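I have placed the structure first, in the form of structure tokens, so that the comments after it can refer back to it.
Number of protein chains: 2
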Amino acid sequence: MATKQRGRPRSFDRETALEKALRQFWEHGYEATTVSDLTREMGIGAPSLYAAFGDKRTLFGEVLVRYAGSYGAFGGRALAEEATARAAMERVLREAAAVFTEPGHPHGCLVIHAATNCTTPEVEQTLRKQRNANIATFASRIQQGVAAGELPEGTDAADLARYVGAVFQGLSQQSRDGATREDLEAVVDLAMRAWPEASAGASRGARAAG
Amino acid sequence: MATKQRGRPRSFDRETALEKALRQFWEHGYEATTVSDLTREMGIGAPSLYAAFGDKRTLFGEVLVRYAGSYGAFGGRALAEEATARAAMERVLREAAAVFTEPGHPHGCLVIHAATNCTTPEVEQTLRKQRNANIATFASRIQQGVAAGELPEGTDAADLARYVGAVFQGLSQQSRDGATREDLEAVVDLAMRAWPEASAGASRGARAAG
DNA sequence: TTTTTTGTGTAGCGACCGCTAGAGAAAGTT
DNA sequence: AACTTTCTCTAGCGGTCGCTACACAAAAAA
Numbered sequence: 001m002a003t004k005q006r007g008r009p010r011s012f013d014r015e016t017a018l019e020k021a022l023r024q025f026w027e028h029g030y031e032a033t034t035v036s037d038l039t040r041e042m043g044i045g046a047p048s049l050y051a052a053f054g055d056k057r058t059l060f061g062e063v064l065v066r067y068a069g070s071y072g073a074f075g076g077r078a079l080a081e082e083a084t085a086r087a088a089m090e091r092v093l094r095e096a097a098a099v100f101t102e103p104g105h106p107h108g109c110l111v112i113h114a115a116t117n118c119t120t121p122e123v124e125q126t127l128r129k130q131r132n133a134n135i136a137t138f139a140s141r142i143q144q145g146v147a148a149g150e151l152p153e154g155t156d157a158a159d160l161a162r163y164v165g166a167v168f169q170g171l172s173q174q175s176r177d178g179a180t181r182e183d184l185e186a187v188v189d190l191a192m193r194a195w196p197e198a199s200a201g202a203s204r205g206a207r208a209a210g
Numbered sequence: 001m002a003t004k005q006r007g008r009p010r011s012f013d014r015e016t017a018l019e020k021a022l023r024q025f026w027e028h029g030y031e032a033t034t035v036s037d038l039t040r041e042m043g044i045g046a047p048s049l050y051a052a053f054g055d056k057r058t059l060f061g062e063v064l065v066r067y068a069g070s071y072g073a074f075g076g077r078a079l080a081e082e083a084t085a086r087a088a089m090e091r092v093l094r095e096a097a098a099v100f101t102e103p104g105h106p107h108g109c110l111v112i113h114a115a116t117n118c119t120t121p122e123v124e125q126t127l128r129k130q131r132n133a134n135i136a137t138f139a140s141r142i143q144q145g146v147a148a149g150e151l152p153e154g155t156d157a158a159d160l161a162r163y164v165g166a167v168f169q170g171l172s173q174q175s176r177d178g179a180t181r182e183d184l185e186a187v188v189d190l191a192m193r194a195w196p197e198a199s200a201g202a203s204r205g206a207r208a209a210g
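Protein chains in written order, with UniProt numbering: chain A, 1 to 210; chain B, 1 to 210.
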């Protein structure tokens, strides 16, 4: 590991270039981002891109991983850190409203928008699986909440997770269509009104955020 | 229409061909649908397509009109026919759940999916305007309901419309990702729990809305 | 130094894109 | 019949796509 590379060293920073690629895919989607766009933004030639990242699809795969570990990490944090399922889901939606409209990077969720109407079936399927996996993660967290008595007995965790996922996807779409953070916050306020409250026995930590 | 055409008659039915084009754009989106795809599905040569429909963009425009008048017409009907804003919005979502998952045609909403990540700015803008116009229509109907006392005073019709729109867009996305009609019905059930109810005394014009 | 290894630039490959010229085919009109 | 009008077919235009062969440049190793 400590030994130096043998040949001519790379003339660009790999992480910086990857971030540039991420922005391009995030803004324009997989298909609509051309290798020509990528090389221009990354400031390198096509052969350098292929040598450093493989082909376009492989580069996109690496971009997905980077996205999941940075801009897309808020969901996992919310699920891990909040005490109740309700707090977790509300925080997911609220941070989505913030991140999706944040200045300085493309709006919306890369996973939702980067490959809709994609002619590369593998890419389309990868992202569809990712979206469904996210909803499954929501369901799992909600099921915990049901087991803990935060939610009424018989609450269908999968249905509730799909509902949260639908709102999440709607937030992403609307952030692309020009909605402001305040617009989306209002949507979240309304969405959380649908949250099932446990009958006044086991409920604890249920708090209405301002 | 009394006099017959002079030259060689068209060898295909224009409406049938247009419907075929609609299905292609609906399934694959604007960019990902090639003229080659279109001519194959429509059963005609490229010159016939261009003679009958103009270029690809013009054809897509005609497809949008046809969609709005057929598969996409349920929203307008719901808004026009239901007595209350709540009933109208609920019917919009419920019929969306049904139409988006209906067998025999592509899933989801053409307007939402056909041009996400589009490299033709005019097409992208056209569809974004359409989506925002739909939400504005919701807002207008909801405002009527507020005026009629169906909803609490001070209800923000724009916010509520955006919420319904977000759920609508989420339904569309999930129908593409494989959700069944039953899945989406459950989402609608939950979504409607967020609907603001007028306090018992204030429902003066709840049945006289129009 | 020379040799080896690896990255970079030019230049262009075959495939597909949206689109169309031009010749022939099929109808009405005279 | 001949002529006019319109559609259809073959073939291919210029442009862009993702990707790469090849020669050269720049580093470590010998």
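Note that CB positions come from ideal geometry on N, CA and C, so glycine has one too. Keep in mind the model is a prediction, meaning the values are calculated, not measured.
{"query": "Anything in chain A within Cβ reach of B:ARG131, meaning under 7 Å, just list it in chain order.", "result": "ASP177"}
{"query": "Hey, is B:PHE138's beta-carbon within less than 9 Å of any beta-carbon in chain A?", "result": "no"}
{"query": "Closest by CA to A:ARG66, which one among A:GLY43, A:ALA115 and A:GLU15?", "result": "A:GLU15"}
{"query": "Could you tell me how far apart the beta carbons of A:ARG131 and A:VAL111 are, in whole angstroms, since I believe they sit closer than 8 Å?", "result": "6 Å"}
{"query": "With a threshold of 7 Å on Cβ separation, who are the neighbours of residue 213 of chain A within its own chain once the five nearest residues in sequence on each side are excluded?", "result": "Residue 213 of chain A falls outside the range modelled here, since chain A spans only 1 to 210, and no answer is possible."}
{"query": "Can you name the start and end residues of the alpha helix (DSSP H) that B:ALA51 belongs to?", "result": "46–53"}
{"query": "One question on the structure: do A:THR120 and A:GLU31 come within less than 9 Å of each other, judged by their Cβ atoms?", "result": "yes"}
{"query": "With a cut-off of 9 Å, does the C-beta of B:TYR67 fall near any C-beta of chain A?", "result": "no"}
{"query": "So, is the C-beta of B:GLN24 closer than 9 Å to a C-beta in chain A?", "result": "no"}
{"query": "Going straight from the alpha carbon of A:TYR71 to that of A:CYS109, what length do you get?", "result": "9 Å"}
{"query": "Give the straight-line distance between the Cα atoms of A:MET192 and A:ASN134, rounded to the nearest whole angstrom.", "result": "19 Å"}
{"query": "What did DSSP end up calling B:PRO196 once you bin it into helix, strand or coil?", "result": "coil"}
{"query": "DSSP three-state call for A:THR84: helix, strand or coil?", "result": "coil"}
{"query": "Counting C-beta neighbours from all protein chains within 10 Å, is the total for B:VAL164 16 or more, i.e. buried, or is it exposed?", "result": "buried"}
{"query": "With a threshold of 16 other CB atoms inside 10 Å of the CB of A:ALA46, please say whether the residue is buried or exposed.", "result": "exposed"}
{"query": "Listed in chain order, which residues of the stretch 58–90 of chain A have Cβ atoms closer than 7 Å to some Cβ of chain B?", "result": "none"}
{"query": "Could you tell me whether the Cβ of A:GLY154 comes closer than 9 Å to any Cβ of chain B?", "result": "no"}
{"query": "Any idea what DSSP makes of A:ALA115, helix, strand or coil?", "result": "coil"}
{"query": "Do the stretch 167–187 of chain B and the stretch 164–175 of chain A touch if we need at least three Cβ pairs shorter than 8 Å?", "result": "yes"}
{"query": "So B:VAL188 and B:LEU93 are in contact, right, with Cβ under 8 Å, and what is the actual spacing, rounded?", "result": "4 Å"}
{"query": "Any idea what DSSP makes of A:LEU151, helix, strand or coil?", "result": "coil"}
{"query": "Any beta carbon from chain A within less than 9 Å of B:TYR163's own beta carbon?", "result": "yes"}
{"query": "Measure the CB-CB distance between B:GLY166 and B:ILE142 and report whether it falls below 9 Å.", "result": "Reading off the sequence shown, one finds Ala at residue 166 of chain B, where the question assumed Gly. It is not a contact, given that the beta carbons lie outside the stated cut-off."}
{"query": "Measure the alpha-carbon distance for A:ASN117 versus A:THR84 and round it to whole angstroms.", "result": "36 Å"}
{"query": "Answer yes or no: does any C-beta atom of chain B fall closer than 9 Å to that of A:LEU151?", "result": "no"}
{"query": "Looking at chain B, is there any beta carbon in it that lies within less than 9 Å of the beta carbon of A:ARG128?", "result": "yes"}
{"query": "Cβ atoms of A:GLU95 and A:PHE74: under 9 Å apart, would you say?", "result": "yes"}
{"query": "Near B:LEU127, which residues of its chain fall below 7 Å by C-beta distance, leaving aside the five closest residues on each side in sequence?", "result": "VAL111, ALA114 and ALA115"}
{"query": "Give me the residue from A:GLU122, A:SER11, A:ALA161 and A:GLU81 with the minimum Cα distance to B:ALA186.", "result": "A:ALA161"}
{"query": "Could you check whether the Cβ of A:VAL65 sits closer than 8 Å to any heavy atom belonging to the ligand GDP?", "result": "In the structure on display, the ligand GDP does not appear, and there are no ligands present to speak of."}
{"query": "Run through the stretch 95–145 of chain B for me and flag every whole alpha helix (DSSP H) of 4 or more residues, listed as ranges in chain order.", "result": "110–113"}
{"query": "Determine whether the Cβ of residue 265 of chain A lies closer than 9 Å to any Cβ atom of chain B.", "result": "It is not possible to answer for residue 265 of chain A, since the shown part of chain A is limited to 1 through 210."}
{"query": "Cα separation between A:PRO9 and A:GLY61?", "result": "24 Å"}
{"query": "Straight-line CA distance for A:ALA179 to B:GLY154?", "result": "21 Å"}
{"query": "Using the Cα positions of B:GLY149 and B:ALA87, report the straight-line distance between them to the nearest angstrom.", "result": "14 Å"}
{"query": "Along chain B, which residues have their Cβ under 7 Å away from the Cβ of A:ASP183?", "result": "ARG162"}
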